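Trainee: Per the working numbering, the sequence shown starts with residue 275, numbered consecutively. Yeah, the Cβ is synthetic: ideal placement off N, Cα and C, and Gly gets one too. Predicted model only: the values in this text are computed from it and were never measured.
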Amino acid sequence: PGLRLPRRSGDRSRPRTAGEAYAMVMAARAGDPATERRPNETPAGHAGRLRREGRGSFALDLLAADYALERYAGAGLSAGETRRAVARWRRLRNGWPGGRARGAT
275 PGLRLPRRSG DRSRPRTAGE AYAMVMAARA GDPATERRPN ETPAGHAGRL
325 RREGRGSFAL DLLAADYALE RYAGAGLSAG ETRRAVARWR RLRNGWPGGR
375 ARGAT
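1) How would you write the range of the alpha helix (DSSP H) that residue 356 sits in, first residue to last?
2) Between residue 360 and residue 307, how many whole angstroms is the CB-CB distance? I'm expecting something under 8 Å.
3) Return the chain-ordered list of same chain residues with a C-beta closer than 8 Å to the C-beta of residue 351, the five sequence neighbours on each side being excluded.
4) Quick one: Cα of residue 346 to Cα of residue 338, how far?
5) Do residue 304 and residue 363 have their beta-carbon atoms positioned less than 8 Å apart in this structure?
6) Please classify residue 289: does DSSP put it in a helix, a strand, or coil?
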């Protein structure tokens, strides 16, 4: 009686922000030299390179833009844009142009 279990702070396997969504997509691509982000690439430059090579998608372009707004411009995204970023993560996690992401379910 009176003992309460700690509450979980949400599903940690699902991103809560555009920044987390982008980071999770990049983590899924880590170790694949054809699609991982190079150290000298911006998020937009990386997404553009992948599109030119036939390995990218418009969803990745938009997710990279959301990430840059959050991370570098300090802009807070609306709740709707955050939901769209998480939906982009879900699409990229489940299928990646030119092959499936590592660890995708």
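Mentor: Concretely, from the data shown:
1) Working through the sequence shown from its first residue, we reach residue 356 at position 82. That run of the alpha helix (DSSP H) goes 353-368.
2) Taking the first residue of the sequence shown as 1, we reach residue 360 at position 86. Taking the first residue of the sequence shown as 1, we reach residue 307 at position 33. In this structure residue 360 does not touch residue 307 by the C-beta definition: roughly 27 Å separates them, more than the 8 Å allowed.
3) On the sequence shown, residue 351 is found 77 positions in, with the first residue counted as 1. Correct list, in chain order: 291, 292, 340, 343, 344 and 359.
4) For this step, residue 346 is matched to residue 72 along the sequence shown. For this step, residue 338 is matched to residue 64 along the sequence shown. For residue 346 and residue 338, the distance between alpha carbons rounds to 11 Å.
5) Along the sequence shown, read from residue 1 onward, the residue named residue 363 stands at position 89. Along the sequence shown, read from residue 1 onward, the residue named residue 304 stands at position 30. The answer is no: Cβ separation not under 8 Å.
6) By 1-based counting over the sequence shown, the position of residue 289 is 15. Three-state DSSP puts residue 289 in coil, outside helix and strand.
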